[in-house]
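*Asks:* In this note's numbering, the protein residues as written are 33 to 103.
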Amino acid sequence: MEELLRTNDITLIPLARAVLEDEGIDSFELDVNMSILEGSIGILPRRLMVRSDELDDARRVLREYGVKFED
33 MEELLRTNDI TLIPLARAVL EDEGIDSFEL DVNMSILEGS IGILPRRLMV
83 RSDELDDARR VLREYGVKFE D
């Protein structure tokens, strides 16, 4: 698994996951429990992971949909 994006924006991960799912790319969200434990004040970022062999396709798909993220 490779990190596709890391964010404190609570709306970005669900959007990215929906877009990737539409394109048949599986993803997995990490750090959800840590983010909840810190009280949802946005200090700890969440990470979205994809399979290593799908990383380039996932980045391309998110860019095509206009999803802003850092490489």
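Each residue gets a CB set at the ideal place from its N, CA and C atoms; glycine is no exception.
Since the model is a prediction, treat every value here as computed from it, not as a measurement.
Kindly indicate the opening and closing residues of the beta strand (DSSP E) around R38.
*Replies:* Reading the sequence shown from its first residue, position 6 is the one you call residue 38. Its beta strand (DSSP E) spans residues E34 to T39.
*Asks:* I'd like to know whether the C-beta atoms of R78 and I45 end up nearer to each other than 8 Å.
*Replies:* Counting from 1 along the sequence shown, the entry for residue 78 is found at position 46. Counting from 1 along the sequence shown, the entry for residue 45 is found at position 13. Contact: yes.
*Asks:* Am I right that L87 and A48 are in contact with their C-beta atoms under 8 Å? What's the rounded C-beta distance?
*Replies:* Here residue 87 corresponds to residue number 55 of the sequence shown, with the count starting at 1. Here residue 48 corresponds to residue number 16 of the sequence shown, with the count starting at 1. With a Cβ gap of about 13 Å, L87 and A48 do not count as contacting.
*Asks:* Can you pull the DSSP bridge partners for R105?
*Replies:* There is simply no residue 105 to check, as the chain begins at 33 and stops at 103 in what is shown.
*Asks:* What is the DSSP secondary structure of E55, counted as helix, strand or coil?
*Replies:* Position 23 of the sequence shown, counted from the start, is the residue given in the question as residue 55. Assigned with DSSP and collapsed to three states, E55 falls in coil, not helix or strand.
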